[in-house]
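Numbering (UniProt numbering), first residue to last: 1 to 296. Reviewing the structure listed below.
Now the structure itself:
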């Protein structure tokens, strides 16, 4: 893979953000955007445990889904307070995603500001919390609705791998899914990396970004960007979503949700083995075409 550092600023004017990052669909890390929020100081494990510790949540392990795994099916269910106690003790490869903590504790929404000075179209009913124990992995995928994401890290560090949407076949995208077939776990550690360049040779041509988010860092992730995340420490982050500003992007997002996903779910039920075989064939045929384009 051909990886480079991401542009990082302390702050940025709305004009520069729009010109150099939003309009060009270029990711950016803003160091100080969240540091004026009450959440920067207030949000920690004890605060969340006090607010929603009794709420039952679905938790997920690091095992990659296969062709027969239902989408977003949790591996276990525990109370949020119990989960916090578990991951605070040390390495615990369990994570929670798409947790709308604000629906259970609405007062938390007063602890941050929507960055509407940077972009419009935020879906204000759905800020989401993402948490993980040290060692937890969010496998390579893109967000199905193709929204822009403003992702702020609280507590702990997170390693992130990013690629533009257009590199989907270099990344071995599964047809009718938002997931990659390849396993990028520990991609940054030669001794632990699960990347198999012999099985997935097109990966060597993928061009993306490698970065580490720390407490208070905010990542602007343009619509459709592929992302793989690993929790270097136990921690949590909040994602704010803004609708795709392109009409074609909005339509594609709707199709992904109401068309693509339902077709995939149906085929996994009625013809799982044939569907799996067809997908495998398509994945490698598309990647081979990409390789030929790169070497020609």
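Think of the CB as a built atom: it goes at the ideal place given N, C-alpha and C, for glycine as much as any other residue. Computed from a prediction, not measured in an experiment: that's the story for all the values here.
Looking at the DSSP output, residue 173 shares a beta bridge with 180. Between residue 205 and residue 289, the C-beta spacing is not below 8 Å.
At a Cβ-Cβ threshold of 8 Å, residue 74 and residue 60 count as neighbours.
In this structure, residue 140 sits near residue 182, with a CB-CB distance shorter than 8 Å. Take residue 214, set aside five residues on each side of it, and the residues of its chain with a beta-carbon closer than 6 Å to its own are 157, in chain order. Its chain contains 96 and 236 as the residues whose beta carbon lies nearer than 6 Å to that of residue 131, once the 5 sequence neighbours on both sides are disregarded; these appear in chain order. Assigned with DSSP and collapsed to three states, residue 160 falls in strand. Rounded to whole angstroms, the separation of the alpha carbons of residue 240 and residue 128 is 7 Å. If the five residues before and after residue 264 are omitted, its C-beta is found closer than 7 Å to the C-beta atoms of 176 and 177, all from its own chain and listed in chain order. Annotated as proximal: residue 6 and residue 211, with beta-carbon spacing under 8 Å. The straight-line gap separating the alpha-carbon atoms of residue 45 and residue 39 is approximately 12 Å. Under the three-state reduction of DSSP output, residue 187 falls in the coil class, being neither helix nor strand. Looking at 62, 79 and 126, the one whose alpha-carbon comes closest to that of residue 91 is 62.
Taking residue 162 as reference, the option from 155, 138 and 145 with the minimal CA-CA separation is 138. Three or more Cβ pairs closer than 8 Å define a contact, and the region 248 to 261 falls short of that threshold against the region 44 to 58. When the Cα atoms are used, residue 274 and residue 173 turn out to be separated by approximately 18 Å. The continuous alpha helix (DSSP H) containing residue 251 extends over residues 247 to 255.
Annotation: the continuous beta strand (DSSP E) that includes residue 95 extends over 95 to 99.
Boundaries of the beta strand (DSSP E) around residue 57: 56 to 59.
Boundaries of the beta strand (DSSP E) around residue 231: 226 to 231.
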